[in-house]
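What follows is a short report on a single structure.
Numbering (the numbering used here), first residue to last: 18 to 243.
In structure tokens, the structure reads:
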């Protein structure tokens with residue numbers, strides 16, 4: 018019913034698509050769209066404008082602010098539903114392509130290119146953060162001795178262990194092979210050291226079996242502070 022309530026709903030829910038009227042009290046649809054497109058967590062939500070105002074200037078402004086479509090009132094429900102289905106499907110396709118372009122295919126964490134892009138963005142802020150390198154010890158011996166499929170399983174298990182022990186907002190990437198990098202915001206060195214020690218112990222305790230062999234995996238890490 019108004020722009021402020023719309024923004025509040027988006028903050029509290031996972032939204033696939035927004036139908037947005039232009040003429041609303043307190044805050045019009047243009048301003049709501051501008052705010053949504055300026056925020057990282059909402060900028061990719063497709064917005065369909067619905068309004069009685071269909072002049073060229075309104076259309077141009079709606080698309081310039083990031084709207085993906087425009088429906089005039091009164092509208093046909095079947096037409097609106099068709100447009101909604103089309104844009105939801107397109108949005109999901111784009112999200113899938115984005116995931117494939119930015120993620121490591123084996124582990125699902127960020128690939129090298131995306132990790133450094135996010136790192137550069139973080140450097141431009143005033144945030145304090147720690148950068149951690151993590152390496153699986155003697156990984157070549159694991160591949161040579163037990164085969165690459167077993168080595169792949171080790172990499173996946175190490176990544177899962179890391180993910181379980183770090184804050185949700187952390188940035189984790191695979192730089193290549195058995196090397197990983199991690200960015201955690203904060204300025205408490207003792208907390209970070211404790212976190213890395215938890216990861217190291219969890220990896221070491223999760224022994225792996227290969228045929229009749231019990232194998233212990235270990236990691237090494239280094240920490241730098243910005």
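By construction, the Cβ of each residue, glycine as well, lies at the ideal position given by its N, Cα and C atoms.
Would you identify the three-state DSSP class for residue i, choosing helix, strand or coil?
| i | result |
| --- | --- |
| residue 71 | coil |
| residue 243 | coil |
| residue 21 | helix |
| residue 89 | strand |
| residue 39 | coil |
| residue 65 | strand |
Select from the options the residue whose C-alpha is nearest the C-alpha of residue i.
| i | options | result |
| --- | --- | --- |
| residue 201 | 210, 193, 195 and 177 | 210 |
| residue 48 | 29, 23, 71 and 33 | 23 |
| residue 58 | 73, 45 and 31 | 31 |
| residue 180 | 151, 157, 159 and 161 | 151 |
| residue 214 | 109, 25 and 235 | 235 |
| residue 90 | 170, 25, 228 and 37 | 37 |
| residue 28 | 165, 206, 155 and 62 | 62 |
| residue 153 | 68, 75, 78 and 221 | 221 |
| residue 41 | 33, 18, 173 and 232 | 18 |
| residue 232 | 186, 156, 198 and 176 | 156 |
| residue 123 | 186, 96, 176 and 56 | 176 |
Hey, quick one: how far does the alpha helix (DSSP H) through residue i stretch, first residue to last?
| i | result |
| --- | --- |
| residue 195 | Run containing residue 195: none; DSSP gives neither H nor E here. |
| residue 147 | Premise fails: residue 147 lies in the beta strand (DSSP E), 146-153, not in any alpha helix (DSSP H). |
| residue 235 | First-last for residue 235: undefined, no H or E at that position. |
| residue 219 | 206-222 |
Could you spell out the range, first to last residue, of the beta strand (DSSP E) harbouring residue i?
| i | result |
| --- | --- |
| residue 57 | Note, residue 57: premise wrong, no beta strand (DSSP E); not H, not E. |
Go through its chain and collect everything with a Cβ distance to residue i's Cβ below 8 Å, but skip five positions before and after it.
| i | result |
| --- | --- |
| residue 120 | 126, 127, 128 and 131 |
| residue 100 | 65, 86 and 88 |
| residue 45 | 20 and 39 |
| residue 140 | 243 |
| residue 230 | 163 |
| residue 322 | No answer is possible for residue 322: the residues shown for the chain start at 18 and end at 243. |
| residue 60 | 53, 54 and 83 |
| residue 75 | 39 and 68 |
By Cβ distance below 6 Å, which residues in the same chain neighbour residue i in space, the five residues on each side in sequence not counted?
| i | result |
| --- | --- |
| residue 148 | 200 and 241 |
| residue 107 | none |
| residue 160 | 168 |
| residue 93 | none |
| residue 188 | 135 and 200 |
Here's a check: name, in chain order, each residue in its chain whose Cβ is nearer than 7 Å to the Cβ of residue i, leaving out the five neighbours to either side.
| i | result |
| --- | --- |
| residue 204 | 145 |
| residue 83 | 50, 54 and 64 |
| residue 249 | Examination of residue 249 is not possible in this model, given that the chain is present from 18 through 243 alone. |
Item to complete: Jot down the residue ranges of each uninterrupted alpha helix (DSSP H) in the region 104-192, minimum 4 residues, whole runs only, in chain order.
Response: Here the runs fully enclosed are 129-140, 156-163 and 165-181.
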